[in-house]
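S.K.: Protein chains in written order, with the numbering used here: chain A, 3 to 324; chain B, 52 to 350; chain C, 2 to 378; chain D, 17 to 262. One structure coming up, written as structure tokens, with questions to follow.
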């Protein structure tokens, strides 16, 4: 049974229910918190995301996506203060402050060379900043990338870094091993802890929409699948904050829309997401909060609507309009 | 006083040898990304050919060593053309130089008339000629003076080539930024043979200069090469002046421990390792911030 | 795979499902494997007698020890590094055996102690490995080996000709294994045991993790696995093998002068490992035994007239391997085996040997310039 | 003068350019703009021979070679992204390398460099300094000067403004404009900071997801801030795109 098959009437019902639920969730979130989503899904947007919903429904029908919604507590999970790093004379990051909350999607945008990826590398411990504090989930974040990974900081890379000669399944199991050895709960689906690595991997792979051969070496996958599998691997590690570095670049429109739906759904289930992305319509469409970097400094932050109106941002992207 | 002069002269002598070898390796590494492990081996080949021509066939000394160096240069060109160019990755080419190193070390035994003995005497015409140093009970041999002179000449020549000639500038451009060099119209196919020829020739020259001081055998350069390898590390495998500085420092330390602290067994031989540790600590204390390949500094 | 099969057979690729009913290649494979294993066992058991025409089993003993050393070098290929300190580690093994034998310890105690004694040195090297990669790490190990030979071994074992002077530096073979043939069985047994351990480790999740580590250290570490621990483990495993090999080497030779432990020899062994296929267990054993034993045979055949030819030919073989089969003997062997089995040819495997010679930062920058994200980010 | 037909670039399985067409007349300044990841840099690198590509690229009716070191000899110079000076070489030596493809030697280099020094007097002041120690703006001057020394018919400049202060960008753009007016060197500018580039360009291409979504006078794109805005910050992108196509 592949994703293309026609569903049973029950599956169709569940799908419809899910779609309604999602629409509801988005609007409720909008009213629920002060600075939340000013983005109201207008009919044109909805039409654009129709394929996503369709595909998500398919995944649910296959038992992929968790559908049970829980009450999600919103609190600050990440707080970065005064993060500074320089390479030679270049200040790649210069006093960056940022915070992220549970069950929200925070976006980091900025022109080329603004320091976005460097920021991620500092957070995940691949780079040591010159200065600055990072507090994560209540305690100060320092130590090796591995320790941070075990504390629940998951990430993907700008160019997907799968373990190419290992099978897709092994890649995912690799993530699951972390989750178990660090005794982490799956924020977005607590039930996952109770099933075997293998089953868990299969479920998460299907959840992110991977339809290929799980036994194939990961290096042989087409590019879009590399991204989805990398995301699934990060999810297998049971992160509480997921950092995605340009998750949609190199994907075609359909895949990108899948991504949007999936991220939104994960975030609704309680996962915090920090996102670097170039595709502005995507960022504006899904982020709750956006931080704009330029020359390593935060030049603006706010809701998508605020960012779109911000003069400084427009200038950073388009140059001075004089 | 005598001891001091002795230290300086012998230290300088070995420093010259280390830096000659190290510079040859840095040159290749910087322009092609290959660590030329065969550097010592090539010198052995050149040395034995020169010895063969001079001692066995009765050629005069200078044409013989000239021929030896020419063979080394030719070997460099052939190695580049038929092996390095076929191997896309510098890492594989590094392994190829390792294979070449083994091959050359063994070659001495394979040529029947070169003899299976360890070490051949290959004296220069200036053997046993010495110059006394005024005011000290010590004299410098002509061979040592020739070594100094040659090294100075070589440095001057290299300086001239790298600063003033088209091909030298192209070599520096390639080592600074291969992609930008291509955009300037510099053809790697023209630069690489020059580099390999130069490096192999340099190795040959080093042997010629060393042979009168030591015996010529299949490992005459190897021990030096290994030490020089640690010295290149001091320059981060990159900087020529730093490499020379490292070489001189190492040799001075070695010689002075041997002369002043003869009782501390093994200290003089431990220096490469100790220097290495100091450099490592300095390099990493200052912080290469990147833990891994992901961390690309912004352009 | 079983869980996946049970859950949703269709989730596997369509090619995999119908492949199961075909039984004939499976049978052929079983037969071939049985034959191969039998022949190999028989050959290993009778080797000293098979090779009788060529001289004493001494050469073979020597080869098996070199096999261990090459295995030690090759194992380090799992973390994508190469070491030039194996010779020094051998030396330490030899010294430890000498000390223990002088203290009157029996063989069965000596070997475990030798293995334990290798750990501090491995950890010292491991500290380097945490900081340095590729050629930089190799140079550090080289400097270490150089220092060990020049200072410690020279003062303990003495230089060539001196032999340390007294009988107290002589090492004897364990009781019952005095003859070359019987000693061979001890050595071969040890080598097979080491190979088995390495093979099992490589097949276990540790091996999977090491593959992952090689493929992307960044991804490996952000997933919460410590690269340092895995590197340290591999270096300790490699060090233990080399140290035990050194212990056996001392037993084989009796007296070993410090000259033997020159770092240049480590370069030679690295060449063997490359020819065998870096990271491959079987390839390393075969290459080590072949390159170790064959020259010794010819040495004894030619009464020493052929000394030195070995390096030349090993150089030629290594060059040929680099040019035409970068995966080494292991790759060639796998291809032949697949042809015999009639299964599809092995995927054009990239050599496991991938050292990045350039500065990691510079290499990353260079690579970044050619990849899409470097070009646009 | 420079034409590209069906230029396609792929990194492995990922296509980043889907067969684009470009035309640049001699003496023209053309801006190639678009958001991050649109394929601008890939376009330049492919034309200059740094990237394998499909499609036909001709200069003055003659097909361009596919190797970068040969392309420059045909009269096309690329100023790559990120100010790729030769850091350990002096400013003079960098400039000499610029003229390498013209067979330059030290002899006569002063006359050769004179026009560059005239445009960028700062470079003359620092001609003996190591290029790696120059400031970002000076390095950018150096790479532009270096590219011009190969006496190209057309120069491709990638992300002139990256990491530079806005004022410096304006100065550099004015210089390019001046050089273009005086020498008639055509120029293809790749810019993320679109407004400034559009000011000096006569025509423009807007690239999105590896496809040309607009080709026409630069002025129109400059005046229609909305179009640009949507292309970069994604506001009702789809509708705007179709409007442009019409």
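Even for Gly, the Cβ is constructed at its ideal location relative to N, Cα and C. Small disclaimer: the values here were computed from a predicted structure and weren't measured.
Rounded to a whole number of angstroms, what is the C-alpha to C-alpha distance between residue 221/C and residue 120/A?
M.R.: Looking at the two C-alpha atoms, the distance is approximately 18 angstroms.
S.K.: When you compare only the Cα positions, how much space is there between residue 280/B and residue 297/A?
M.R.: The straight-line gap from Cα to Cα measures roughly 40 angstroms.
S.K.: Runs of 4 residues minimum, wholly inside the stretch 162 to 246 of chain C: which ones carry the alpha helix (DSSP H) assignment?
M.R.: Runs found: 181 to 204, 206 to 216 and 218 to 223.
S.K.: By DSSP, does residue 409/C sit in helix, in strand, or in coil?
M.R.: There is simply no residue 409/C to check, as chain C begins at 2 and stops at 378 in what is shown.
S.K.: Would you verify that the beta carbon of residue 167/A is, or is not, closer than 7 angstroms to some beta carbon of chain C?
M.R.: Closer than 7 angstroms: yes.
S.K.: So with CB distances below 7 angstroms, who are the chain G contacts of residue 113/A?
M.R.: In the structure shown, chain G does not exist; the protein chains are A, B, C and D.
S.K.: Does the contact criterion of 3 or more C-beta pairs under 8 angstroms hold for the stretch 222 to 240 of chain C versus the stretch 230 to 243 of chain B?
M.R.: No, they do not touch.
S.K.: Could you list which residues in chain A have their beta carbon closer than 9 angstroms to that of residue 51/D, in chain order?
M.R.: Those within 9 angstroms of residue 51/D in chain A are 280, 281, 282 and 319.
S.K.: Going along chain C, which residues have a C-beta under 9 angstroms from residue 320/B?
M.R.: Neighbours of residue 320/B on chain C, chain order: 147, 148, 150, 151, 152 and 155.
S.K.: If I measure Cβ to Cβ from residue 276/B and keep anything under 6 angstroms in the same chain, skipping five residues before and after, which residues do I get?
M.R.: So the list reads 72, 90 and 91, once near-sequence residues are dropped.
S.K.: Which residues in the same chain as residue 11/C place their Cβ atom closer than 6 angstroms to its Cβ, once the five residues preceding and following it in sequence are excluded?
M.R.: Annotation note: pLDDT 40 at residue 11/C (below 50); position unreliable, no value reported.
S.K.: Taking 7 angstroms as the threshold (beta carbon to beta carbon), is residue 295/B in contact with chain C?
M.R.: Answer no: the Cβ-Cβ gap between residue 295/B and chain C never drops below 7 angstroms.
S.K.: In chain order, what residues of the same chain have a beta carbon less than 6 angstroms from the beta carbon of residue 109/A, not counting five sequence neighbours either side?
M.R.: 277, 285, 289 and 292, listed in sequence order.
S.K.: By the criterion of Cβ-Cβ separation under 7 angstroms, what are the contact partners of residue 64/D in chain B?
M.R.: In chain order: 234.
S.K.: Between residue 238/B and chain D, is there a C-beta pair that is closer than 7 angstroms?
M.R.: Chain D contact via Cβ: present.
S.K.: Does the beta-carbon distance from residue 141/C to residue 131/C come in below 7 angstroms?
M.R.: No, the pair does not count as a contact, with Cβ atoms beyond the cut-off.
S.K.: Chain A beta carbons: is any one of them nearer than 7 angstroms to that of residue 411/C?
M.R.: The requested residue 411/C is not part of the displayed model; chain C covers only 2 to 378.
S.K.: Would you decide whether residue 199/D is buried or exposed? Buried here means 16 or more other CB atoms lie within 10 Å of its CB.
M.R.: Exposed, by the Cβ-count rule.
S.K.: What residues from chain B crowd round residue 121/D, counting only those whose CB sits closer than 7 angstroms?
M.R.: The answer, in chain order, is 217.
S.K.: Kindly list, in the order they appear in chain C, the residues whose Cβ is closer than 8 angstroms to that of residue 239/A.
M.R.: Going along chain C in sequence order, the residues near residue 239/A (Cβ under 8 angstroms) are 224 and 225.
S.K.: Can you tell me which residues form a DSSP beta bridge with residue 78/D?
M.R.: DSSP, once it has assigned bridges, lists 75/D as partnering residue 78/D.
S.K.: May I ask you to report which of helix, strand or coil DSSP gives residue 86/D?
M.R.: In this structure, residue 86/D counts as helix in the three-state DSSP scheme.
S.K.: Between residue 90/C and chain B, is the shortest Cβ-Cβ distance under 7 angstroms, so that the two count as touching?
M.R.: Residue 90/C does not count as touching chain B.
S.K.: Using a Cβ-Cβ cut-off of less than 8 angstroms, give me the residues of the stretch 126 to 147 of chain B that come near chain C, in sequence order.
M.R.: Listed by position along the chain: 134, 137, 138, 140, 141, 142, 143, 145, 146 and 147.
S.K.: Can you list, in chain order, the residues of its chain whose CB lies under 6 angstroms from that of residue 296/C, leaving out five sequence neighbours each side?
M.R.: Counting only Cβ-Cβ distances below 6 angstroms, and skipping sequence neighbours, we find 311.
S.K.: State the Cα-Cα distance for the pair residue 110/B and residue 104/B, rounded to the nearest angstrom.
M.R.: C-alpha separation (whole angstroms): 5 angstroms.
S.K.: In angstroms, rounded to a whole number, what distance separates the CA positions of residue 96/A and residue 147/A?
M.R.: Their backbone Cα atoms lie some 22 angstroms apart in a straight line.
S.K.: What residues match up with residue 141/A in a beta bridge as DSSP calls it?
M.R.: Note: residue 141/A sits in a beta bridge opposite 138/A.
S.K.: Exposed or buried, residue 110/D, counting other C-beta atoms within 10 Å across all chains shown (16 or more means buried)?
M.R.: Label assigned to residue 110/D: buried.
S.K.: State the CB to CB distance for the pair residue 236/A and residue 188/A, rounded to an integer number of angstroms; the pair is presumed to be in contact (CB under 8 angstroms).
M.R.: About 12 angstroms; that fails the 8 angstroms criterion.
S.K.: Is it right to say residue 144/A is buried, meaning 16 or more other beta carbons lie within 10 angstroms of its own, or is it exposed?
M.R.: The residue is exposed, with fewer than 16 neighbouring Cβ atoms inside 10 Å.
S.K.: Work out the CA separation of residue 59/D and residue 41/D for me, nearest whole Å.
M.R.: Cα-Cα distance, rounded: 17 angstroms.
S.K.: Along the chain, where does the alpha helix (DSSP H) containing residue 176/A start, and where does it finish?
M.R.: Its alpha helix (DSSP H) spans residues 170 to 183.
S.K.: Can you pull the DSSP bridge partners for residue 85/A?
M.R.: Answer is 98/A.
S.K.: Residues in the same chain with beta-carbon distance under 7 angstroms from residue 253/B, minus the five sequence neighbours each way, listed in chain order, please.
M.R.: Answer for residue 253/B: 71 and 75, listed in chain order.
S.K.: Please compile the residues from chain A whose C-beta is within a distance smaller than 7 angstroms of the C-beta of residue 244/D.
M.R.: In chain order: 320.
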